[in-house]
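In the working numbering, the protein residues as written are 2 to 292.
See the structure below:
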């Protein structure tokens, strides 16, 4: 009952109210960190930027970066751009780990940055982004931004028609173009491309440790394991089976697109994304033929 009430409230609260409430929550969270969490080691970088796009575990990564353990071993306070009316090329306050920053590579380059910073961009198989986006738009995402418009368009469409619509929507809003720009950008020591599949895979602990160390944040092994366990997808899905709620955290398994694409959907995706799959290093395999 409580989960249903929270979901109903989120889906029926005006966006301006949600933004204002989120800003208050961010300020309160940072105040608690300053007052209650001693900083044991400080990050050598002045700012860290978590760059991403939708359906790449952005909320999971943000939760990790907001955790007191990360503050304890970095001294960096979390900063969520959304409640602060931030837009490029505005600079961010110093001493912050910025998450989640939904931004193109060109937009990221326009941001004034300190001399010492680190950044990472999380990519994902774009076919899985399409499938995850379809279910999110259709059912689970809070109605904000373009979600109400797309959700309305998906009503009455079959799953296949919905996937075709979402592919076209991503193409028009520049999702595939943005992925391509990040993937082909000149390599630098400060910016790293990270795969969603690695951060959620069998070697998750090692890849999470590698990412945090890239950002100048080194957690003791026991703290790192506890951090990972606190934000396991099974916990963040939250609602027990049969509760009647729709979780924002789906199965998220790499290659799930093969359970939803057929030849026609694959053809539409290839026309929109071109050689993006191969460019990002994902296997270019056909969809399941039993669909």
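Backbone N, C-alpha and C define an ideal beta-carbon position, used for all residues, glycine too.
Just verifying my parser: in three-state terms, what is the DSSP assignment at residue i?
i: residue 283; result: coil
i: residue 71; result: helix
i: residue 176; result: helix
i: residue 138; result: helix
i: residue 303; result: Past the boundaries of the shown model lies residue 303; the chain is included only from 2 to 292, so the question cannot be answered.
i: residue 261; result: coil
i: residue 77; result: coil
i: residue 192; result: strand
i: residue 158; result: coil
i: residue 27; result: helix
i: residue 224; result: helix
i: residue 88; result: coil
i: residue 21; result: helix
i: residue 243; result: For residue 243, the predicted structure reports a pLDDT of 33, less than 50, and the residue's modelled location is therefore unreliable. A value from the coordinates is still provided. Of the three classes helix, strand and coil, the one that applies to residue 243 here is coil, per DSSP.
i: residue 149; result: helix
i: residue 130; result: helix
i: residue 271; result: helix
i: residue 278; result: helix
Please say whether residue j and residue i have beta carbons closer to each other than 8 Å?
i: residue 303; j: residue 33; result: As displayed, the chain neither begins before 2 nor continues past 292, which places residue 303 out of reach and without an answer.
i: residue 124; j: residue 180; result: yes
i: residue 288; j: residue 126; result: no
i: residue 79; j: residue 48; result: no
i: residue 269; j: residue 155; result: no
i: residue 159; j: residue 55; result: no
i: residue 273; j: residue 169; result: yes
i: residue 113; j: residue 95; result: no
i: residue 64; j: residue 232; result: yes
i: residue 225; j: residue 208; result: no
i: residue 88; j: residue 182; result: no
Within a Cβ cutoff of 6 Å, which residues of the same chain sit near residue i, ignoring the five residues on either side of it in sequence?
i: residue 243; result: Residue placement at residue 243 is flagged as unreliable, the pLDDT there being 33, under the threshold of 50; the coordinate-derived value follows with that caveat. Excluding sequence neighbours, residue 243 sits near nothing in its chain.
i: residue 121; result: 193, 195
i: residue 184; result: 280, 281
To which residues of the same chain is residue i closer than 8 Å at the C-beta, ignoring the five residues directly before and after it?
i: residue 227; result: 70
i: residue 258; result: 126, 128, 129, 131, 132, 288
i: residue 102; result: 50, 51, 52, 53, 82, 109
Measure the beta-carbon distance from residue i to residue j and round it to whole angstroms, keeping in mind my assumption that it falls under 8 Å.
i: residue 177; j: residue 277; result: 6 Å
i: residue 74; j: residue 45; result: So it is not a contact: roughly 12 Å between Cβ atoms.
Pull up the DSSP beta-bridge partners for residue i, would you.
i: residue 164; result: Its beta-bridge partners do not exist; DSSP assigns none.
i: residue 50; result: 99, 120
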